[in-house]
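Chains as they are written, first to last, in the numbering used here: chain A, 1 to 285; chain B, 286 to 543.
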Amino acid sequence: MKNKNSLPLIMVHDVDYVYSNGTIALKQVSLNINKGEFIAIMGQNGAGKTTLIRTFNGLIRPTKGSIYLEGVNIDSKTIATISKKVGVIFQNPMHQLFSNTLEDEIKFSLKNLNLDKEEIQIKVDQVLEEFDLEKYRKRSPLNLSGGESKKLAIASILCRDPDILVFDEPTLGQDAKEINFLLGLIKNELERGKTIIMVTHNIEFTVEHVPRTILMSGGQIIADGPTESIFNNEFLISKSSLIMSQIYLFKKELQKIGITIPKEVIRESEIINFLDNYLESKSTI
Amino acid sequence: MSLEFLSAFKFLKKETFLHNLDPRTKLLLAITYTISALLFQEIIPLLLILITLLPVIIVGRLFKKWMKSVKGMSFLYIFIIVLNTLFIDENGLSFAIAMILRITIMISAFSLFFLTVDPNDLALSLITMKIPYEYAFSFSLAFRFVPTIAIETQNIIDAQQSRGYEMQKKGIINQIKNLFPLLVPLIVSSIKRAFNVAEALESRSFGNKKDRTFYYTIRYSLKDWIFSLYLILLLTSLIFIKINFLLMPLWFRWSLPL
């Protein structure tokens, strides 16, 4: 028998999904996700990204194939059971906020875990403080700004402490400060051993921070690998209706004036280091 | 919970006799069948009314969609049977079956209307009925948003289920309470969308000109007149039967011996 730790955390095995109107959303998708990974799923609109992440917590059951969570097929598990381990944070926070106060909104998520009152209150206080929402505790979630309501939606999933966090377009409509907050939060969760999967169109964010990228097109995975190898492949990027990153274009311009930067250098800090060293070596000559 | 039955109210472009009828004729069809269904409380006449609707459904090549809507409403049917059998002492089951037939006729008639009337044609037909353009447009817009709201409802259900919300809970009070996490976001997002649409319309000078003209026009054709005449005759005959109901043969008033 295989050791539980040696198994992938999520295993997507030969999954197809066909909508009732006949649209094929997923076609022979197979994928392994290990504990502690940070993965971006990218591709054009309609590529099947959101459909794929909805299969992770059983919101959508594959037409063919299976999803395994820690080696166990989730087919017979309820969404409520799977969502204890897999927290999906949706694109539009307004789709879930309904309570009278922020406090009640967080409580709703925790009550579904059948925790006792005191435990719930402790967690609510913790989460509101962590997300800097303490000052709005008694305010209606419907009066929050776009960024704040997104924060609350994330908080209401994070308070359940799932092992896997799945974000659908987390950076969409967020300002730089909010994206930085999100990044801090993701780093913190990764340090705690959580696995993070995000569907995104944000190329710069992915290139800069996400180690593994999955590209989808027409319901299939067309590439899966280290972000630096994916974002050096112009063919794949154009096939997914994405554009090359700013750093890649900058590298190309530098090449025209004779400065060749290695392929694996794709992040801002890496290129600054490289150019620092390059200029230093030039000045010593 | 599947909201697939709502697809039975989404316009589907097809080339059939029913689709090619004027929207006003189809509105007359929906009204005729609704009034007819309300006229009777007995199984046989309601069943006969439903049977007269079937050829229309078949001609419109909408049988599968219609079945889907009927299946989708099955939870309501169970509700009707349980409540009527429990709370009506005499002929409870017969009454419940009659009510199911009545609802099926009304849903089917309106489902036929929504499935075969293009929202743009609907606005035009309302205008020809002397309804101000602003109201006609709002009505057709509301009509166009039915599938959007269905998709949004599914997204809300998904979002709530992702944080442990369970759809099926025991007890009527729990089930009512359980609706809040779905209804509040749905109402809020619908109101927000309404404001956004209103602003988008105003920013494109909606309502600027009172005496506007239309690119497309609709006209009552011979087949519309014939079909409307059939509907009026059907309704008149049913009203006649209702007035003289006691003179009808016994089998016409049959009910289950329960």
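Backbone N, C-alpha and C define an ideal beta-carbon position, used for all residues, glycine too. Quick caveat, the model's predicted, so the values are computed rather than measured.
*Could you pull the start and end residues of the alpha helix (DSSP H) that B:Met384 belongs to?*
Per DSSP, B:Met384 belongs to the alpha helix (DSSP H) from 377-401.
*Under three-state DSSP, which class holds A:Ile221?*
Collapsing the DSSP output to three states places A:Ile221 in a strand.
*If you drop the 5 nearest sequence neighbours on each side, which residues of the same chain put their C-beta closer than 7 angstroms to that of B:Ala383?*
Residues of the same chain with a CB within less than 7 angstroms of the CB of B:Ala383, apart from the 5 flanking positions on each side, are Gln326, Glu327, Ile328, Leu331 in chain order.
*For B:Ile373, which of helix, strand or coil comes out of DSSP?*
Coil.
*Counting contacts by CB-CB distance shorter than 8 angstroms, is B:Pro417 in contact with chain A?*
No, its Cβ sits nowhere closer than 8 angstroms to a Cβ of chain A.
_Straight-line Cα distance separating B:Lys298 from A:Ile186_ = The alpha-carbon atoms of A:Ile186 and B:Lys298 are separated by roughly 47 angstroms.
*Which class does B:Arg429 belong to by DSSP, given the choice of helix, strand or coil?*
B:Arg429 falls in the helix class under three-state DSSP.
*Do you know offhand how far B:Pro466's Cα is from B:Gly449's?*
The alpha-carbon atoms of B:Pro466 and B:Gly449 are separated by roughly 12 angstroms.
*Note down, one range per segment and in chain order, each alpha helix (DSSP H) of at least 4 residues found wholly within the stretch 121-185 of chain A.*
You should have 146-158.
*asked:* I'd like to check one pair, A:Ile271 with A:Ile247: are the Cβ atoms closer than 8 angstroms?
replied: Cβ distance < 8 angstroms, so A:Ile247 and A:Ile271 count as in contact.
*Residue-chain proximity (B:Gln460, chain A), Cβ-Cβ < 8 angstroms*: For B:Gln460, no CB of chain A lies under 8 angstroms from its own CB, so it is not counted at the interface with that chain.
_Does the CB of A:Tyr136 have a neighbour CB from chain B at under 8 angstroms?_
Output row for A:Tyr136: interface = no.
*What is the residue span of the alpha helix (DSSP H) that B:Leu333 lies within?*
Bounds of the alpha helix (DSSP H) holding B:Leu333 are 328-344.
*Quick one, which of A:Glu105, A:Pro141, A:Ile39 has its alpha-carbon nearest A:Leu215's?*
If you compare the alpha carbons of A:Glu105, A:Pro141, A:Ile39 with that of A:Leu215, the shortest gap goes to A:Ile39.
*Is DSSP giving B:Gly357 helix, strand or coil here?*
Looking at B:Gly357 - three-state DSSP - the assignment turns out to be helix.
*Backbone CA spacing between A:Lys2 and A:Gly71 [nearest angstrom]*: With a pLDDT of only 48 at A:Lys2, under 50, the local geometry of the prediction cannot be trusted, and no value is derived from it.
*In whole angstroms, what is the alpha-carbon distance linking A:Asp132 and A:Ser30?*
So the alpha carbons of these two residues sit roughly 39 angstroms apart.
*So the beta strand (DSSP E) B:Asn493 belongs to, where does it begin and stop?*
In the DSSP assignment, B:Asn493 falls outside any beta strand (DSSP E) and carries neither an H nor an E.
*Let me know the beta strand (DSSP E) ranges lying completely inside the stretch 75-125 of chain A, each 3 residues or longer, listed in chain order.*
Under the rule that a run must span 3 or more residues, the beta strand (DSSP E) segments found entirely inside the stretch 75-125 of chain A read 86-89.
*Nearest to A:Tyr19 (by Cα), restricted to the options A:Leu102, A:Glu189, A:Gly48*: Per the Cα distances, A:Gly48.
*Whose Cβ in chain B lies nearer than 7 angstroms to the Cβ of A:Asn57?*
For A:Asn57, the C-beta contacts it makes with chain B under 7 angstroms involve Ser447, in order along the chain.
*From B:Glu484 to A:Phe250, what distance separates their C-alpha atoms?*
Taking the CA atoms as reference points, B:Glu484 sits about 41 angstroms from A:Phe250.
_Below 8 angstroms on the Cβ atoms is my contact criterion, and I expect B:Tyr318 with B:Ile334 to pass it. Report the Cβ-Cβ distance as a whole number of Å._
7 angstroms between Cβ atoms; contact.
*What residues in the stretch 171-198 of chain A bring their beta carbon closer than 8 angstroms to a beta carbon of chain B?*
Of all residues in the stretch 171-198 of chain A, none has a Cβ within less than 8 angstroms of some Cβ in chain B.
_Whole-angstrom distance between B:Phe480 and B:Thr433, CA atom to CA atom_ = Whole-angstrom Cα-Cα distance: 16 angstroms.
_Three or more C-beta pairs below 8 angstroms linking the stretch 79-92 of chain A and the stretch 155-174 of chain A_ = Because the criterion of three Cβ pairs below 8 angstroms is met, the stretch 79-92 of chain A and the stretch 155-174 of chain A touch.
*Should the stretch 296-312 of chain B be called in touch with the stretch 501-520 of chain B, which here means at least 3 C-beta pairs below 8 angstroms?*
Yes, since at least three Cβ pairs between the stretch 296-312 of chain B and the stretch 501-520 of chain B fall closer than 8 angstroms, the two stretches touch.
*asked:* Checking 8 angstroms against the spacing of the C-beta atoms, do A:Ile76 and A:His13 come in under that value?
replied: For the sequence presented, residue 76 of chain A should be read as Ser rather than Ile. For A:Ser76 and A:His13, no; Cβs fall outside 8 angstroms.
*What's the C-alpha gap between B:Tyr515 and B:Pro534?*
Pairing B:Tyr515 with B:Pro534, the inter-Cα distance amounts to about 24 angstroms.
*Straight-line CA distance for A:Leu102 to A:Gly146?*
Distance between the alpha carbons of A:Leu102 and A:Gly146: 14 angstroms.
_Whole angstroms are fine: how far does the CA of A:Asn32 sit from the CA of B:Ile388?_
For B:Ile388 and A:Asn32, the gap between their C-alpha atoms comes out near 50 angstroms.
_What ranges does the alpha helix (DSSP H) occupy inside the stretch 194-221 of chain A, keeping only unbroken runs of at least 4 residues that lie completely in it?_
Positions of the alpha helix (DSSP H) runs, each at least 4 residues long and wholly inside the stretch 194-221 of chain A, are given as 203-209 in order along the chain.
*A:Ala25 versus A:Gln255: straight-line alpha-carbon distance, rounded*: A direct Cα-Cα distance of roughly 40 angstroms separates A:Ala25 from A:Gln255.
*From A:Glu119 to B:Arg346, what does the alpha carbon distance come to, in whole angstroms?*
Their Cα atoms are separated by approximately 58 angstroms.
*Compare the C-alpha of B:Val442 against each of B:Ala394, B:Tyr501, B:Lys350, B:Leu468 and name the closest.*
In the sequence as displayed, the identity of residue 442 of chain B is Ile instead of Val. The shortest Cα separation from B:Ile442 among B:Ala394, B:Tyr501, B:Lys350, B:Leu468 belongs to B:Leu468.
_Member of B:Leu303, B:Tyr420, B:Phe364, B:Leu323 whose CA lies at the smallest distance from the CA of B:Leu523_ = Of B:Leu303, B:Tyr420, B:Phe364, B:Leu323, the residue nearest in Cα terms is B:Leu323.
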